[in-house]
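Using this note's numbering, the letters of the sequence shown correspond one by one to residues 2 to 371. Inspection log for the structure reproduced underneath, given as structure tokens.
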Amino acid sequence: MSESLLADRARAVEVSGVRKIFELGKSLKSPVNLSIGQPHFPVPDPIKAAAKAAIDADHNGYTVTQGIPELLARLRADLHQRFPGQDRDVLATSGTSGGLLLALLAVVNPGDEVITADPYFVAYPNMVALAGGKLVTVDTYPDFRLDLAQIEAAVTPRTKVILLSTPSNPTGAVLDADAQKALAQFARDRGILLISDEIYRAFHYDGPAHSPAEFDPNVLVIEGFGKTYGVTGWRLGWAHGPKWLVQEMAKLQQCTFVCAPSVVQWGGVAAMDYDVSGIVADYRRKRDQLVAALKGAFEFAVPGGAFYLYPKAPWGTGTEFVTEAVKHNLLVIPGGVFSARDTHFRVSYAASDDTLARGIDILLELAKRK
Numbered sequence: 002m003s004e005s006l007l008a009d010r011a012r013a014v015e016v017s018g019v020r021k022i023f024e025l026g027k028s029l030k031s032p033v034n035l036s037i038g039q040p041h042f043p044v045p046d047p048i049k050a051a052a053k054a055a056i057d058a059d060h061n062g063y064t065v066t067q068g069i070p071e072l073l074a075r076l077r078a079d080l081h082q083r084f085p086g087q088d089r090d091v092l093a094t095s096g097t098s099g100g101l102l103l104a105l106l107a108v109v110n111p112g113d114e115v116i117t118a119d120p121y122f123v124a125y126p127n128m129v130a131l132a133g134g135k136l137v138t139v140d141t142y143p144d145f146r147l148d149l150a151q152i153e154a155a156v157t158p159r160t161k162v163i164l165l166s167t168p169s170n171p172t173g174a175v176l177d178a179d180a181q182k183a184l185a186q187f188a189r190d191r192g193i194l195l196i197s198d199e200i201y202r203a204f205h206y207d208g209p210a211h212s213p214a215e216f217d218p219n220v221l222v223i224e225g226f227g228k229t230y231g232v233t234g235w236r237l238g239w240a241h242g243p244k245w246l247v248q249e250m251a252k253l254q255q256c257t258f259v260c261a262p263s264v265v266q267w268g269g270v271a272a273m274d275y276d277v278s279g280i281v282a283d284y285r286r287k288r289d290q291l292v293a294a295l296k297g298a299f300e301f302a303v304p305g306g307a308f309y310l311y312p313k314a315p316w317g318t319g320t321e322f323v324t325e326a327v328k329h330n331l332l333v334i335p336g337g338v339f340s341a342r343d344t345h346f347r348v349s350y351a352a353s354d355d356t357l358a359r360g361i362d363i364l365l366e367l368a369k370r371k
């Protein structure tokens, strides 16, 4: 047996650059970790209690593919409130990544093109490749605002999907309501599916959250519980959109993930009642602290959401700057992981106040080496 047995799709998938940093961190003694893209707060007690109760009640087997009725009822009620007049179908998925992969598998044929912003979430190129498609990126530097004219210029006869992430990982950029409306209308008029990745929907700091699905019911939205409630390892997401697409995704889930994890779906029911406004306010404070501390030493666009800052390296490439940061026991992510450009780096402020303060001190010291 040899590697010659490997399929082309496996060879096309690259190891995540973020995971490489995580592995590197294992070699450091008590690193200052501003690299990880998950909340630092503990899972709220009512959500943990619900998952524990589900185990004790023997809710440990398969569920129906679409999701347990109790969770689906809560999700549908949320959708009726947010998207009045729309008949959006819903599917509980194995994380937002699982939901997005199902969506791409459902609509992308070999050679089809998927347009997204650069910088982009690290998994997007590999997911599109697994579906047999080609990722087409639109450069959004320096302010990371997606421009409709750039999208229009990137469209070809093979364009099947526009993939939007707002708030963005890695930049924290938020697309405003007017721009979302224009993008939704453009996609509808061109017969292109717009997929909106809204895993960070709860983390908006400078105004209310909006979705392009407000302006067109054909938009497919991918959401999740992991970032909002600190349960990233539970792998619980949900997709909602037109029935013709969601039902195809459910069919694909039957023969892949089977269903979202049963126990955590019960935790999701409890999560729908949990108020995260205090958590969001704390992350807004952390954003403001980081922005105020670094604004004189680094160039960056102030993020409107998520929990990331994406500064330009003050000297060298993003990789060179991060390499030096690691030597100072600080873990951040080089921008080349998320982009065709290796000019920036990502800082996660999903960390304790002490860790964030120590990281700021190291970054300011490194910036002096221009």
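The C-beta atom is built at its ideal place from N, Cα and C for all residues, glycine as well. From a predicted model like this one, the values you see are computed outputs, not experimental measurements.
Tell me whether residue i sits in a helix, a strand or coil according to DSSP, three-state version.
| i | result |
| --- | --- |
| residue 253 | helix |
| residue 69 | coil |
| residue 61 | coil |
| residue 34 | strand |
| residue 9 | helix |
| residue 224 | strand |
| residue 270 | helix |
| residue 93 | strand |
| residue 197 | strand |
| residue 187 | helix |
| residue 343 | coil |
| residue 49 | helix |
| residue 169 | coil |
| residue 240 | strand |
| residue 300 | strand |
| residue 264 | helix |
| residue 141 | coil |
| residue 180 | helix |
| residue 350 | coil |
| residue 318 | coil |
| residue 86 | coil |
| residue 356 | helix |
| residue 205 | strand |
| residue 192 | coil |
| residue 100 | helix |
For chain B, find out if any of its Cβ atoms is closer than 8 Å to the Cβ of residue i; answer yes or no.
| i | result |
| --- | --- |
| residue 128 | Annotation note: the requested chain B is absent from the structure, which comprises a single protein chain. |
Checking 8 Å against the spacing of the C-beta atoms, do residue i and residue j come in under that value?
| i | j | result |
| --- | --- | --- |
| residue 91 | residue 247 | yes |
| residue 353 | residue 41 | yes |
| residue 318 | residue 356 | no |
| residue 204 | residue 307 | yes |
| residue 18 | residue 123 | yes |
| residue 239 | residue 76 | yes |
| residue 93 | residue 68 | yes |
| residue 174 | residue 336 | no |
| residue 200 | residue 221 | no |
| residue 258 | residue 95 | yes |
| residue 20 | residue 171 | no |
| residue 315 | residue 341 | no |
| residue 301 | residue 367 | no |
| residue 275 | residue 111 | no |
| residue 1 | residue 74 | Residue 1 lies beyond the residue range present for the chain, which begins at 2 and ends at 371; the question has no answer from this structure. |
| residue 147 | residue 141 | yes |
| residue 165 | residue 176 | yes |
| residue 97 | residue 9 | no |
| residue 338 | residue 48 | no |
Pick out whichever of the options has its Cα sitting closest to the Cα of residue i.
| i | options | result |
| --- | --- | --- |
| residue 360 | 23, 35, 15, 6 | 35 |
| residue 156 | 166, 117, 121 | 117 |
| residue 250 | 302, 28, 107, 149 | 107 |
| residue 270 | 237, 244, 259, 258 | 237 |
| residue 325 | 89, 78, 55, 369 | 369 |
| residue 234 | 245, 261, 241 | 261 |
| residue 99 | 125, 78, 121 | 125 |
| residue 241 | 351, 207, 209, 104 | 104 |
| residue 332 | 3, 25, 292 | 25 |
| residue 109 | 135, 255, 127 | 135 |
| residue 365 | 50, 334, 295, 47 | 295 |
| residue 38 | 11, 351, 245 | 351 |
| residue 291 | 143, 303, 167 | 303 |
| residue 320 | 30, 334, 43 | 334 |
| residue 30 | 362, 330, 349, 358 | 330 |
| residue 15 | 127, 202, 229 | 127 |
| residue 312 | 167, 5, 168, 120 | 120 |
| residue 138 | 132, 131, 153 | 153 |
| residue 208 | 243, 281, 22 | 281 |
| residue 89 | 245, 252, 229, 327 | 245 |
Are at least three pairs of beta-carbons, each pair with one atom in the region 172-192 and one in the region 216-227, less than 8 Å apart?
-> Three or more Cβ pairs drawn from the region 172-192 and the region 216-227 lie within less than 8 Å of each other, which places the two stretches in contact.
Per the contact definition of three or more C-beta pairs closer than 8 Å, is the region 155-173 in contact with the region 111-129?
-> yes
The region 68-83 in contact with the region 275-294 per 3-pair CB rule at 8 Å = With the cut-off at 8 Å, the region 68-83 and the region 275-294 do not touch.
Determine contact between the region 187-195 and the region 260-276, defined as no fewer than three beta-carbon pairs at a distance below 8 Å.
-> no
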